[in-house]
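Single-structure report; data block below.
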Amino acid sequence: MIKKTLIALVALGSLSTAYAQDKEAQRAEDRAKMFRGVITNKFSSNWEVGASVGTQIYFGDHDKQMRFIDRLGLNLGIKAGKWFTPGIGVRIGAFGGNIPGVSGWTAHVDDHTTQYNRYNYQGFVNHATVVNGLATSGDVYKNTDHPYPLFETSQKYINMHGDVLFNVSNMVGGYNPERFYSFIPFASAGFALSLNKAVNGYYSHEATVGLGIINRFRLSDALDLDFEIRGTYTGDRFDQEFIANYGYKGIGYQAQAGRWGEGMLSTSLGISYKIPHRGWEYPQVCPNNDDVIADLKKSLENQLALRETDAQRIKELENALNKQDEITRENVTLYPLLVTFHIDRWFLCNKNRVNLGFLAEALKANPKLKFKVTGFADAGTGSVKRNIFLAKKRSEVIYNCLVNEFGVPASQLIRDDKGGVENMYYNDPRCSRAVLLKVAE
9 MIKKTLIALV ALGSLSTAYA QDKEAQRAED RAKMFRGVIT NKFSSNWEVG ASVGTQIYFG
69 DHDKQMRFID RLGLNLGIKA GKWFTPGIGV RIGAFGGNIP GVSGWTAHVD DHTTQYNRYN
129 YQGFVNHATV VNGLATSGDV YKNTDHPYPL FETSQKYINM HGDVLFNVSN MVGGYNPERF
189 YSFIPFASAG FALSLNKAVN GYYSHEATVG LGIINRFRLS DALDLDFEIR GTYTGDRFDQ
249 EFIANYGYKG IGYQAQAGRW GEGMLSTSLG ISYKIPHRGW EYPQVCPNND DVIADLKKSL
309 ENQLALRETD AQRIKELENA LNKQDEITRE NVTLYPLLVT FHIDRWFLCN KNRVNLGFLA
369 EALKANPKLK FKVTGFADAG TGSVKRNIFL AKKRSEVIYN CLVNEFGVPA SQLIRDDKGG
429 VENMYYNDPR CSRAVLLKVA E
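So, in structure tokens, the structure goes:
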């Protein structure tokens, strides 16, 4: 059994050398495919919830007569959503608060003779005296030089909406879980309700549509800070201020919407929590085409040639084993395994699993043998923090493959992570994006 183990280690070293001869063009193609491609997850993945606080300004029939600061109202919101890909998601939510405004004579005519449209105040007038569905008195807005009195209004509302989100940063720049800022426009549709009655005794209820932008700042893997700007369009009846036509002494009432619609601009600052499981994994890039098959065939031929060349070395090992009852470090120090990875990645291809399978057989056949699994990243690319993360992930995926997939006892493996290092072999940074497995010291 020990002889078979050492022969397997020799073959393993030869096969690793052969596989390292992949074409540079193929590597570039693989990197391009992995730049944007990710594996989509289950429906239960990539959900987020959040809450926000902000302000809004309403563009009603008479609100332009107010000072800007007097038009601002408090805005609170909640939301829940899901990302189907790094670039496209949906969410539902609700936001609402108080809309301050003013009400005026809807036709703006001051005719004392016929009383045409005189004192026909409508809407959500504060402290109104109501006669026949109209406000004849109320709180007068004082910060204006308008020629006739304007009554202050206060409309409490809620807008329930559904949004389609587009993460342009991920669409253009590729998925990056550590990106600090993301630009996310969205389109929205919903339904808005007033929570208090207007002077005519009715609640408002109007469909809404909108557009907006989320400026998202990453705080951690789980939390984002969102600065959101939203424009919402609704019908003119939402503020309950219509064109009203009163004939002489109020006989012959007629009311209709006064213009094509009204709108609201809101801004908010909120927190989004991403529920586990969060994020996406990149697909394995193991192309299966004629060039790769030819390369594999050539690699196998090279392996056979190397095995013939190494026949003497194998014979020497067999002779040494005949003199020793158990394996020692000196027998195997010449046969480490270097598993390389694509830039900024840590996922195993099947060809690397083949190599690890050979190593697993050797380890399980020799329970006293311990192997050190050391992760590396090349120092020339990425930050120090990112390189430490990559080295850890690479050693972790090798360790998990040996233990969970091939059944190697965890006691035979020692993990280590070196982070970013300078070029280790042949002055080639690709050889430093790797995990080195060798007999422990």
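Numbering of the sequence shown is given in our numbering, commencing with residue 9 and proceeding in unit increments. In this text, a Cβ means the ideal position worked out from N, Cα and C, and glycines have one as well.
As summarised for the segment 369 to 409, the continuous alpha helix (DSSP H) elements at least 4 residues long and confined to that stretch are 392 to 408, given in chain order.
Ranked by Cα distance from asparagine 204, the options Thr93, Pro193, Ser162 are led by Ser162. For asparagine 223, no alpha helix (DSSP H) segment is defined; the enclosing uninterrupted segment is the beta strand (DSSP E) at 213 to 226. Alanine 206 sits in coil when the DSSP states are folded into three classes, being neither helix nor strand. Of the candidates Lys446, Thr348, Asp352, Leu398, Lys446 places its Cα closest to the Cα of alanine 368. Taking tyrosine 129 as reference, the option from Ala206, Leu201, Leu173 with the minimal CA-CA separation is Ala206. Nearest C-alpha to glycine 109 among Ile96, Gln73, Phe103: Gln73.
One thing to note: leucine 173 has its Cβ no nearer than 8 Å to the Cβ of glycine 239. Within the DSSP secondary-structure output, glutamine 163 pairs in a beta bridge with Ile107.
For serine 212, the closest C-alpha among the options Gly218, Leu201, Ile222, Gly220 is that of Leu201. Methionine 74 is not bridged by DSSP to any residue. DSSP places isoleucine 351 in the coil class of the three-state scheme, outside both helix and strand. For proline 284 against asparagine 175, the beta-carbon gap comes to about 19 Å, at or over 8 Å, which does not count as contact. When the five nearest sequence neighbours on each side are left out, the beta carbons in the same chain lying within less than 7 Å of the beta carbon of histidine 154 are those of Gln73, in order along the chain.
Per DSSP, the continuous alpha helix (DSSP H) segment holding asparagine 178 begins and ends at 176 to 181. Residue state for arginine 238 is assigned as strand, using DSSP reduced to three classes.
Exposure of aspartate 436 is indicated by the presence of fewer than 16 other C-beta atoms within 10 angstroms of its C-beta. For alanine 370, the closest of Leu421, Val148, Ser52 by C-alpha to C-alpha distance is Leu421.
In terms of CA proximity to proline 185, Arg394 leads the group Arg394, Cys409, Leu410. For aspartate 69 and glutamine 248, the gap between their C-alpha atoms comes out near 10 Å.
Scanning Gly220, Leu219, Asp234 for the CA closest to the CA of arginine 226 turns up Asp234.
Counting the other CB atoms within 10 Å of its CB gives histidine 169 a total of 16 or more, which places it among the buried residues. Secondary-structure assignment with DSSP links phenylalanine 199 through a beta bridge to Met168, Ala215. The residue from Asn412, Leu84, Gly85, Asp71 with its alpha-carbon nearest to that of asparagine 151 is Asp71. In this structure, the straight-line span from the alpha carbon of serine 403 to that of leucine 345 is close to 13 Å. Here methionine 432 is not bridged, per DSSP, to any residue.
In this structure, DSSP gives asparagine 358 a helical state, which the three-state scheme calls helix. Within the same chain, Val110, Leu158, Glu160 come within 6 Å of tyrosine 149 by CB-CB distance, once the 5 residues on both sides are set aside. CA-CA distance, tryptophan 113 to aspartate 232, rounds to 47 Å. Using a Cβ distance threshold of 8 Å, glycine 81 and threonine 275 do not count as a contacting pair. Under the DSSP assignment, asparagine 83 falls in the beta strand (DSSP E) whose first and last residues are 80 to 91.
The beta carbons of glycine 209 and glycine 141 sit closer together than 8 Å.
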